[in-house]
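Chemist: Supplied in structure tokens, the structure appears directly below.
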């Protein structure tokens, strides 16, 4: 997705009145934009998360996002074990 795509999604979200129909104490809404836009997107009532987190800590792992880096950005959500990582990179529950 491009930055324009992410902004269009957030704009549609802001205008969607159906979002007030669920119990916010029971439902968390989270968007997982491409890493390039993590610090660039904000939306009322929607959290921002990273699409991936490295299983390693800090080090020379080009392109990986460590949990520490994600927390430094103020994020508290990440996708772990999603189907694309499993099918394209062979990741498993053991990873």
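Residue numbers (this note's numbering): 421 to 515.
Just so it is clear, CB atoms sit at the ideal spot from N, CA and C, and this is done for glycine as well.
Using the Cβ count rule (16 or more neighbours within 10 Å means buried), how would you classify residue 493?
Modeler: Residue mapping note: residue 493 aligns to position 73 of the chain shown, counting from 1. Result: exposed.
Chemist: Sorry if obvious, but does the Cβ on residue 442 come closer than 7 Å to a heavy atom of the ligand FAD?
Modeler: With respect to the ligand FAD, the structure offers nothing, as it holds no ligand at all.
Chemist: When you compare only the Cα positions, how much space is there between residue 461 and residue 512?
Modeler: Looking up residue 461 in the chain shown gives position 41. Looking up residue 512 in the chain shown gives position 92. Each residue's alpha carbon lies about 30 Å from the other.
Chemist: So the candidates are 489, 454 and 456; which of them puts its Cα closest to the Cα of residue 479?
Modeler: The residue you call residue 479 lines up with position 59 of the chain shown. Nearest of 489, 454 and 456 to residue 479, Cα basis: 489.
Chemist: Report the rounded CA-to-CA distance for residue 463 versus residue 424, giving the unit in angstroms.
Modeler: As a first step, residue 463 is located in the chain shown; it is residue number 43 there, counting from the start. As a first step, residue 424 is located in the chain shown; it is residue number 4 there, counting from the start. Taking the straight line from one Cα to the other gives about 15 Å.
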